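**Student:** To start, I am sharing the structure in question, which I have written as structure tokens.
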Amino acid sequence: MEKLVIEGGRRLEGAIRVSGSKNAALPILFATILCAGETTLGNVPALRDISTTLRLLGTLGCESVKDGDRVRVRPGRLAPEAPYELVRTMRASALCLGPLLARIGRARVALPGGCAIGARPVDQHLKALAGMGASFELDAGYINASCDCLRGARIAFDMPTVGGTENLLMAASLAKGETVLENAAREPEVVDLANFLVSCGARIEGQGESVIHIQGVDELHGANYEVMPDRIEAGTFLVAAAITQGDLEIENCPYAELEAVCVKLREMGMEISPLADGRVRARCQSRLECVDVKTQPFPGFPTDMQAQIMALFTLSEGSAVIEESIFENRFMHVQELARMGADIRVSGRTAIVKGREGLTGAPVMASDLRASASLVLAGMAASGVTEVLRIYHLDRGYESIERKLNAVGANIRRAPE
Ligand code: EPZ
Numbered sequence: 000m001e002k003l004v005i006e007g008g009r010r011l012e013g014a015i016r017v018s019g020s021k022n023a024a025l026p027i028l029f030a031t032i033l034c035a036g037e038t039t040l041g042n043v044p045a046l047r048d049i050s051t052t053l054r055l056l057g058t059l060g061c062e063s064v065k066d067g068d069r070v071r072v073r074p075g076r077l078a079p080e081a082p083y084e085l086v087r088t089m090r091a092s093a094l095c096l097g098p099l100l101a102r103i104g105r106a107r108v109a110l111p112g113g114c115a116i117g118a119r120p121v122d123q124h125l126k127a128l129a130g131m132g133a134s135f136e137l138d139a140g141y142i143n144a145s146c147d148c149l150r151g152a153r154i155a156f157d158m159p160t161v162g163g164t165e166n167l168l169m170a171a172s173l174a175k176g177e178t179v180l181e182n183a184a185r186e187p188e189v190v191d192l193a194n195f196l197v198s199c200g201a202r203i204e205g206q207g208e209s210v211i212h213i214q215g216v217d218e219l220h221g222a223n224y225e226v227m228p229d230r231i232e233a234g235t236f237l238v239a240a241a242i243t244q245g246d247l248e249i250e251n252c253p254y255a256e257l258e259a260v261c262v263k264l265r266e267m268g269m270e271i272s273p274l275a276d277g278r279v280r281a282r283c284q285s286r287l288e289c290v291d292v293k294t295q296p297f298p299g300f301p302t303d304m305q306a307q308i309m310a311l312f313t314l315s316e317g318s319a320v321i322e323e324s325i326f327e328n329r330f331m332h333v334q335e336l337a338r339m340g341a342d343i344r345v346s347g348r349t350a351i352v353k354g355r356e357g358l359t360g361a362p363v364m365a366s367d368l369r370a371s372a373s374l375v376l377a378g379m380a381a382s383g384v385t386e387v388l389r390i391y392h393l394d395r396g397y398e399s400i401e402r403k404l405n406a407v408g409a410n411i412r413r414a415p416e
């Protein structure tokens, strides 16, 4: 396993570029299972989860070629099984359920386990697909799914689930008749998937709203499509500028999709200015003020930015109350930040952070993707050296983060643990 060794206390300054969105590229890659022809995707990030997905597509009968950030997927004779050894490393594999049922009427997908941040059930996916005519049985940790054909239905989710909305968008695109999704997730990555499906000939209206209408069609063709930039990577860079009191020009920045994050950072005293051609300038020249944050489904403050802004609060003036309303266990970074001197108290889904003058570098352990990012941010601002262990978590969602951060003044090197 590898670690990142971070020498703290260095101000970040310069231009840094955002890669394609992991959480848009993953469902869009699974959606290529629906297409009768070849698809070419651009702006696909080089991440572990992407290579895992391409391997899984291969086992399902969709051959792919990745050349830089371009991926070409050519669907072949589809096979129904998503094996446990792939699914256990990436929960998003459950997104092959909808496409396989829509194309071949059967799927055998390992039930994705939980992860560090929560149980991560897929009951909403299964209930909704059952409403379209699919039946399921659980057999030795696998979901055996089958249907004669998927029929359009009116589906109301118990909560706005991103993955559930994505699975149903894909299933409904080839179903017989109209499907209406109520209490649908409004995340930009869901919109990107819907727009990709429309470019393949799907008939979808209302993406980005809480009610989405899908008219099933007989076939979807392939498409050429550019994946949206990663708003969580961009948000992480905004916090990197803030926590090092730096001055970054963020390129390919999805500014419109980061409103809730920018509102909070500006309330804290940060300067964030949109520039021409997708660039955003993020500057911080003094100690920021803590504010309160509650994570919400989009367009609220994203849960995937909670760990990162917590790292910023540990060094800001005053105290902050963070309420994590989406996942039941998304404070795994707290104990690690405390090892660096942070003053954080947790009670259930609420964390109270009291800002300190400084943090001290220490060896810390990554537990999940965004917790790892918060430890890197804290390490860059702390005095002395921080070692972040188990950074395979980080590599799942950030494309060569140390190369990008070192190019704007950080001192981070990768080393064996
Ligand atoms: C997606 O996960 C993202 N992953 C997560 O990003 C993100 O944190 C999450 O959406 C929320 O925005 C990908 O897109 C690959 P959900 P997903 O279904 O789809 C409950 C990252 O760091 N729920 O919207 O799994 C669930 O337990 C990752 O990039 C059910 O109860 O999230 C959670 O409390 C982490 N039953 C809430 O809904 C279900 O059937 C939201 O989950 C489905 C979900």
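Numbering of the sequence shown is given in numbering that gives the first Met the number 0, commencing with residue 0 and proceeding in unit increments.
Just so it is clear, CB atoms sit at the ideal spot from N, CA and C, and this is done for glycine as well.
Since we're looking at a predicted model, the values are computed, not measured.
#1: Mind checking whether ILE203 and VAL179 have CB atoms under 9 Å apart?
#2: Taking only runs that begin and end inside the region 211-284, name each unbroken alpha helix (DSSP H) of 4 or more residues, in chain order.
#3: Which residues bound the beta strand (DSSP E) around PHE29?
#4: What is the C-beta distance between MET379 and ALA361, in whole angstroms, given that I count them as a contact (C-beta under 8 Å)?
#5: Buried or exposed: MET158, going by 16 or more other Cβ atoms within 10 Å of its Cβ?
#6: Exposed or buried, GLU401, counting other C-beta atoms within 10 Å across all chains shown (16 or more means buried)?
#7: Who are the Cβ neighbours of HIS332 in its own chain at under 6 Å, not counting the five residues just before and after it?
#8: Could you tell me the alpha carbon to alpha carbon distance between SER324 and ALA101, rounded to whole angstroms?
#9: Cβ-heavy atom distance between HIS332 and ligand 1 below 8 Å?
#10: Using a 10 Å radius around the Cβ and a threshold of 16 neighbouring Cβ atoms, would you call ARG230 buried or exposed?
#11: On the DSSP bridge assignment, give the partners of VAL345 in chain order.
#12: So is the beta-carbon of ILE116 under 8 Å away from any non-hydrogen atom of ligand 1?
#13: Leaving out the 5 sequence neighbours to the left and right, which residues in its chain are closer than 6 Å to GLY13 when beta-carbon positions are compared?
#14: Can you tell me whether DSSP reads ASN143 as helix, strand or coil?
#15: Taking the beta strand (DSSP E) that CYS368 falls in, what are its first and last residues?
#16: Count the other CB atoms within 10 Å of the CB of GLU248; is the residue buried (16 or more) or exposed (fewer)?
#17: With a CB to CB cut of under 6 Å and the five nearest residues on each side skipped, what residues in its chain are close to ARG412?
#18: Quick check: what's the CA-CA separation for SER272 versus ARG280?
#19: With contact counted as at least three CB pairs below 8 Å, one residue from each stretch, are the region 55-64 and the region 189-203 in contact?
#20: Exposed or buried, what is LYS175 when buried is set at 16 or more other beta-carbons lying within 10 Å of its beta-carbon?
#21: Judging by CA-CA distance, which residue of ASP342, TYR254, ASN328 is the nearest neighbour of ILE351?
#22: Quick one, which of GLY117, VAL86, GLN123, ILE116 has its alpha-carbon nearest ARG107's?
#23: Just how far apart, CA to CA, sit VAL363 and PHE29?
#24: With 16 other CB atoms within 10 Å as the buried threshold, where does ALA310 fall?
#25: Who are the Cβ neighbours of GLU266 in its own chain at under 6 Å, not counting the five residues just before and after it?
#26: Please tell me whether, using a cut-off of 8 Å, the distance from the CB of ASP147 to the nearest non-hydrogen atom of ligand 1 is below it.
#27: Could you tell me which whole alpha helix (DSSP H) segments of length 4 or greater appear in the region 130-177?
#28: Would you kindly work out how many angstroms separate the C-alpha atoms of ALA365 and THR243, rounded to a whole number?
**Tutor:** On the basis of the coordinates in this document:
#1: The beta carbons of ILE203 and VAL179 sit no closer together than 9 Å.
#2: With a minimum length of 4 residues, the continuous alpha helix (DSSP H) runs that stay inside the region 211-284 are 230-242, 258-267.
#3: The continuous stretches of beta strand (DSSP E) do not include PHE29, which lies in the alpha helix (DSSP H) extending over residues 21-30.
#4: Not a contact, Cβ separation roughly 14 Å.
#5: The residue is exposed, with fewer than 16 neighbouring Cβ atoms inside 10 Å.
#6: Buried: at least 16 other Cβ atoms inside 10 Å.
#7: Around HIS332: ALA306, ALA370, SER373.
#8: SER324 and ALA101 have their C-alpha atoms roughly 33 Å apart.
#9: Not under cutoff, so the answer is no.
#10: Label assigned to ARG230: buried.
#11: According to DSSP, which records beta bridges pairwise, VAL345 is partnered with ALA350.
#12: Checking every heavy atom of ligand 1 against the Cβ of ILE116, one is found closer than 8 Å.
#13: Taken in chain order, the residues that qualify are VAL407.
#14: Strand.
#15: Reading off the sequence, residue 368 comes out as Leu, not Cys. For LEU368, no beta strand (DSSP E) segment is defined; the enclosing uninterrupted segment is the alpha helix (DSSP H) at 368-380.
#16: That one is buried.
#17: Closer than 6 Å at Cβ, skipping near neighbours: VAL4.
#18: Rounded to whole angstroms, SER272 to ARG280 spans 5 Å at the Cα level.
#19: Pairwise C-beta distances place the region 55-64 out of contact with the region 189-203, as fewer than three of them are shorter than 8 Å.
#20: Around the beta carbon of LYS175, a 10 Å sphere encloses fewer than 16 other beta carbons of the protein chains shown; the residue is thus reported as exposed.
#21: Nearest of ASP342, TYR254, ASN328 to ILE351, Cα basis: ASP342.
#22: When GLY117, VAL86, GLN123, ILE116 are compared, the shortest CA-CA separation from ARG107 is found for VAL86.
#23: Between the alpha carbons of VAL363 and PHE29 lies a gap of roughly 35 Å.
#24: It counts as buried.
#25: Here the set comprises VAL290.
#26: No, Cβ of ASP147 sits at least 8 Å from all heavy atoms of ligand 1.
#27: For the region 130-177, whole alpha helix (DSSP H) runs of length 4 or above, ordered along the chain, are 161-172.
#28: C-alpha of ALA365 to C-alpha of THR243: approximately 21 Å in a straight line.
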